[in-house]
Each structure stands twice: as structure tokens, then as C-alpha cells.
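Chemist: Here you go, one structure.
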Amino acid sequence: MFPFYTSLSLLLLFNSFSSSFARPNPRTLITIIPVSHNNATWHEFERFLDVGKGDGVVTGISELKSYFHQFGYLELRDTDMNFTDIFDENFELAVFRYQSKLGLPGTGKFDSITISQIMSPRCGVRDDAHKLHATEHFNYFNGKPRWSRRTPMKLIYAFSKNNWIEHLDINDIKAIFQRAFVRWASVIPVTFSETIEYHKADIKIGFYRGDHGDGRPFDGLLGVLGHGFAPKSGRLHLDAAETWAVDFGSEKSMVAVDLESVATHEIGHVLGLAHTSVKDAVMYPSLSPRTKNVELKLDDIEGVQDLYGSNPNFSFSYLLESDTSSSSNLKLGLRTFRSKWSHVNVPAKEMTYLIDPGGSRSKLSGPNSSELMA
Ligand SMILES: [Zn+2]
Ligand SMILES: [Zn+2]
346 MFPFYTSLSL LLLFNSFSSS FARPNPRTLI TIIPVSHNNA TWHEFERFLD
396 VGKGDGVVTG ISELKSYFHQ FGYLELRDTD MNFTDIFDEN FELAVFRYQS
446 KLGLPGTGKF DSITISQIMS PRCGVRDDAH KLHATEHFNY FNGKPRWSRR
496 TPMKLIYAFS KNNWIEHLDI NDIKAIFQRA FVRWASVIPV TFSETIEYHK
546 ADIKIGFYRG DHGDGRPFDG LLGVLGHGFA PKSGRLHLDA AETWAVDFGS
596 EKSMVAVDLE SVATHEIGHV LGLAHTSVKD AVMYPSLSPR TKNVELKLDD
646 IEGVQDLYGS NPNFSFSYLL ESDTSSSSNL KLGLRTFRSK WSHVNVPAKE
696 MTYLIDPGGS RSKLSGPNSS ELMA
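Numbering (the working numbering), first residue to last: 346 to 719.
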């Protein structure tokens, strides 16, 4: 079925995770999918299942420390050249931080849920807000950077002609990005338009392989999928090595990644949003293969509107659901993080939001970024 994939490796998929969140059963979370020998993903971390501080020296655990370092949870001390294989207190604290930031049960160990999250493909941007007990929602980059222009704000974007992928139709890619930009533009007073003059564009989009000169090399199939830079850089890069999918009907690969989901997420970074802890929000850092997550959730909307204000044509209009239907949503995996939130649909815009049954938007106002940025 996948002739060029010669090995079977383990990748723990979150689809099964969502419904198992309340009472995890480690062995039922594992789904086997084929991945290449040559990819640089994190599937080998499965061997660290159930490891914790009590295990002392764990051969190879330094690789996991590097992962935690890469995403902003663990610093390399000035006196050290490399990470050691000792599962010490400092590393345990980093694990607690990671679990807190990603909305996982805080065990300080590499339980199955934590390992499955670590192995899941994700955005390459660091999860910088990682203080324990940090507020569990949207976040900004350090200093809360944003685009500043006269209103109505207009930003122009362009695609790099030299950094492209061949296996997708250019018109499909352009249509995907247009939809992704419109989604953000529908909630904030900012418009986006494409230009062919790449050097003049505010937002520069391209597909890159490996080390591409910005200090954040891509790693091949799965692993890091892409990254977007904080304002006012405007750089939006996608890993050319991924099996990007326009739709899963025509792309059957088990490792296919939904381009529109990643595009929407990275545009959030380009606008100034960092990663959220709300699992089904667009700005959550990970995305399983063959999964689509393109609709902005209330957490995404509150975050970006705190930066730019609201689009005058946008209004929060919602239906409250009973506790019973919220429970159904949990079973359906529509939401898994905050039990006080309900899932609602806004038919007029065909968008799906999460709303606070208390109806108070003030409860959802943004955190002090300096407070969260460690
Ligand atoms: Zn990201
Ligand atoms: Zn890059």
C-alpha cells in the first residue's frame, strides 16, 4: 500500500486519545502507521513509556531532553555541554510544565498520554508560556507583538516561487490559503490580499526542506510540520517533506497532513498568537495526520481580537447547550479540555465556536503576556 515505507513504527494518534482522556488505557491508544526509515520524527520515544524520576539514569533520555529544549521547556545550563541521561528533578519539572501547557494530566512521568502527545506531529514554534498553572487558554509571543497599520488594516501575502512543492496544484494551494486568511479576517478588522510581488509582501509563504537558513530546520516526514514567525516578520514556512493534503478523499496516505489546518494555524502565529492550551483550538500546537482542524474556536477568536479588535461585521451568536449535550460532546471528542465550555454552531457563518455558558466574555480576556512568558 505504501511501497516506499519500509518499516512499521509506532505513532500514537490523538483521535483515540480524545475519547479516552478521562480514563486512559495506555494499550488502546496505540495505532500503528507506516513511516519512513528516513524521517526524523519522534516515534522512537515510545520506548520511554512510563519512565519517571524514580528511574534515575535512563539510556537515551537525553534525546527527550533535547525535544523539551527545542520547544521551550528545558534550558541547557551554562556549565553543561550536553544533556545527560539522568532523569533529575529539573527534568521532572519540565515534564510537569509540558503537561500543564498541553492540557494533560500532571504526572511528571512519561505516561501513555504524555508520550502520545510528544510523538504527535506539531508546529515548530516553541511553547514559550509554560509556567505551571498558567492560565489555560490563548497566548501571545513575548512582548505581545502585532501588526500596526492604519485602519482598516490591509496585509498582503505572497508565495515564494523558489520554495514550492510540485505534487499539489498551485490553484488548490492558493485557494486553501485564501480560505485560511478569510477565516481570520472574518473576526478582526484586517483584510488579506495576494500579490505576485514577493519582496513587497507583508506575509511571505513558502515550502522548505531541512535547514533553510532561519535557524529552525525542518526534520522530514512528520515531526515538525511548519512554523510561523511573530509580527512583523511575516514569514510562514511549511515543511516541503510532508505529504500535504488538499483533501483526504484524494490523498490516501496514512501520514497525510491537512494543509488548510496548518496554514490556518501558522497564520495565527503571523498575526501574533502563540500556542494555546485549549486542545481543540486552532492554535493548539499539535495536529495528527489525517485530521482537519480549521474552524476558529472561541479561544482563537478571543486571542486575536484582543490584539486587533473585532471585525464590525462579526458578532458572537450562540446557542447554549445543556450539561447533557456537553457530555455528548465529550464522547464525540468535540472538546476535551474545560468542562464548563459548551460546543455550539453559528449557522450564519458556518463556523464552530466554544462559548462560556456563563456568557461573560470578560472571564475570557487575555492574560498579562509578561506574566505568562517565562
Ligand atoms: Zn504553532
Ligand atoms: Zn523556516
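Heads up, the beta-carbon is just placed ideally off N, CA and C, and yes, glycines get one too.
From the DSSP secondary-structure annotation, give me the bridge partner or partners of I548.
Modeler: Within the sequence shown, residue 548 is the residue found at index 203, counting from 1. Paired residues: Y502.
Chemist: Should the stretch 553-566 be regarded as contacting the stretch 531-538, the criterion being three or more beta carbon pairs within less than 8 Å?
Modeler: Too few Cβ pairs lie closer than 8 Å, so no.
Chemist: For T536, I'd like the list of residues in its chain whose CB is within less than 6 Å of its CB, leaving aside the five on either flank, ordered along the chain.
Modeler: Within the sequence shown, residue 536 is the residue found at index 191, counting from 1. Contacts found: K499, A530.
Chemist: Measure the C-alpha to C-alpha separation of G523 and K410 and round it to an integer number of angstroms.
Modeler: On the sequence shown, residue 523 is found 178 positions in, with the first residue counted as 1. On the sequence shown, residue 410 is found 65 positions in, with the first residue counted as 1. Checking the displayed sequence, the identity of residue 523 turns out to be Gln instead of Gly. Spanning the two alpha carbons is a distance of roughly 38 Å.
Chemist: Can you name, in chain order, every residue of its own chain whose Cβ lies under 8 Å from the Cβ of K519, other than the five neighbours on each side?
Modeler: By one-based count along the sequence shown, residue 519 stands at place 174. Excluding sequence neighbours, K519 sits near F504, E539.
Chemist: According to DSSP, is T496 helix, strand or coil?
Modeler: Taking the first residue of the sequence shown as 1, we reach residue 496 at position 151. T496 falls in the coil class under three-state DSSP.
Chemist: Check this for me: beta carbons of L566 and A586, under 8 Å apart or not?
Modeler: Working through the sequence shown from its first residue, we reach residue 566 at position 221. Working through the sequence shown from its first residue, we reach residue 586 at position 241. Contact: yes.
Chemist: Please list the terminal residues of the continuous alpha helix (DSSP H) segment that includes W529.
Modeler: The residue labelled residue 529 in the question sits at position 184 within the sequence shown. It spans 515-530 - the alpha helix (DSSP H) in which W529 sits, taken as one unbroken run.
Chemist: So is the beta-carbon of R471 under 7 Å away from any non-hydrogen atom of ligand 2?
Modeler: Counted from its first residue, the sequence shown places residue 471 at position 126. Flag unset: Cβ of R471 not near ligand 2.
Chemist: By the DSSP assignment, the beta strand (DSSP E) with G571 in it spans what residues?
Modeler: For the purposes of this step, residue 571 is identified with residue 226 of the sequence shown, where counting begins at 1. Looking at the DSSP string, the run of the beta strand (DSSP E) that includes G571 is 571-573.
Chemist: Along the chain, where does the alpha helix (DSSP H) that runs through R442 open and close?
Modeler: Translated into the one-based positions of the sequence shown, residue 442 becomes position 97. Looking at the DSSP string, the run of the alpha helix (DSSP H) that includes R442 is 434-446.
Chemist: Based on DSSP bridge pairs, tell me the residues matched to F537.
Modeler: Looking up residue 537 in the sequence shown gives position 192. DSSP lists L500 as partners of F537.
Chemist: Suppose the cutoff is 6 Å on Cβ atoms and the five residues either side in sequence are ignored; what does the same chain contact list for P576 look like?
Modeler: To locate residue 576, count along the sequence shown from 1; it is residue 231. So the list reads P490, R491, W492, G617, once near-sequence residues are dropped.
Chemist: In three-state terms, what does DSSP make of T424?
Modeler: Sequence index remark: in the sequence shown, residue 424 carries index 79 (1-based). In this structure, T424 counts as coil in the three-state DSSP scheme.
Chemist: If you follow the alpha helix (DSSP H) that A601 is in, where does it begin and where does it stop?
Modeler: Against the sequence shown, residue 601 aligns to sequence position 256. A601 -> not in any alpha helix (DSSP H); beta strand (DSSP E) instead, spanning 601-603.
Chemist: With DSSP collapsed to three states, give me the class of A608.
Modeler: What you label residue 608 is simply residue 263 of the sequence shown in a count that begins at 1. A608: helix per DSSP, three-state reduction.
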